[in-house]
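Undergrad: One structure, as C-alpha cells, below. Some questions next.
In full-length UniProt numbering, the protein residues as written are 1 to 123.
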C-alpha cells in the first residue's frame, strides 16, 4: 500500500480565489515589504503608504471590511487608503530622527490587530 505524506505548496490568495478555494477564518494581519530604516531630509514632510492584509493560517487573504489605523508617533497622522486595509502615514516638518509606530485592526474582526515600528532617520 502506497502512502503519500507530501503536502502541496501553499497557494497565494489570488490563486486560491481563482481555483474556488475559500479562505479560512482570519488569524492575523501582514504588512507589505517596507524598507527599514526610512530617510527624510530635515524640514521636509514624510509620507509612507502601508499595505496590510488580513489572512488565514495558510496566508490566504480574508476580506477585513477595512482597516482602523492608529499611530502613537507624536505629531503624525494616519488615514485609510483605497484597498482593503491600506493606510497612509504622514509626519510633517520632520526635524529629528524618530520611530514610526502604527497599528491597524480589522473593522470586521476587531480583536485582530498588528503593529509596525519603523526607524525614520532625519538627515
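Cβ atoms here follow ideal geometry from the backbone N, Cα and C, with glycine treated the same way.
Is the beta carbon of residue 99 less than 8 Å from the beta carbon of residue 29?
TA: Here residue 99 refers to the residue found at position 99 of the chain shown. Here residue 29 refers to the residue found at position 29 of the chain shown. Cβ distance not < 8 Å, so residue 99 and residue 29 don't count as in contact.
Undergrad: Once you ignore the five residues that flank residue 47 on each side, which residues in its own chain have a CB closer than 6 Å to its CB?
TA: On the chain shown, position 47 is the one that residue 47 refers to. Cβ within range, chain order: 90.
Undergrad: Can you tell me the Cα-Cα spacing of residue 59 and residue 123, whole angstroms?
TA: Taking the chain shown and counting its residues from 1, the one referred to as residue 59 is at position 59. Taking the chain shown and counting its residues from 1, the one referred to as residue 123 is at position 123. Near 38 Å, if we compare the C-alpha coordinates of residue 123 and residue 59.
Undergrad: In chain order, which continuous runs of the alpha helix (DSSP H) of length 4 or greater are located wholly inside the stretch 8-88?
TA: 13-18
Undergrad: What are the residues that DSSP puts in a beta bridge with residue 100?
TA: Taking the chain shown and counting its residues from 1, the one referred to as residue 100 is at position 100. Bridge partners of residue 100: 118.
Undergrad: Kindly indicate which three-state DSSP category residue 90 falls into: helix, strand or coil?
TA: As a working note, residue 90 is residue 90 in the chain shown. Looking at residue 90 - three-state DSSP - the assignment turns out to be strand.
Undergrad: Got a sec? Which residues, its chain only, sit under 6 Å from residue 96 by beta carbon, not counting five neighbours each side?
TA: Counted from its first residue, the chain shown places residue 96 at position 96. So the qualifying residues of the chain are 122.
Undergrad: Mapping the DSSP letters down to three states, classify residue 105 as helix, strand or coil.
TA: Translated into positions along the chain shown, residue 105 becomes position 105. In the three-state DSSP reduction, residue 105 falls in the strand class (E or B).
Undergrad: Residue 113 by DSSP, collapsed to three states: which one?
TA: Within the chain shown, the letter at position 113 stands for residue 113. Three-state result, residue 113: strand.
Undergrad: What is the rounded straight-line gap between the Cα of residue 24 and the Cα of residue 56?
TA: Stepping through the chain shown from its first residue, residue 24 is reached at position 24. Stepping through the chain shown from its first residue, residue 56 is reached at position 56. If you take the alpha carbons of residue 24 and residue 56, they lie about 6 Å apart.
Undergrad: Taking the alpha-carbon positions, what's the residue 68 to residue 34 distance?
TA: The residue you call residue 68 lines up with position 68 of the chain shown. The residue you call residue 34 lines up with position 34 of the chain shown. Approximately 19 Å, taken between the alpha carbons.
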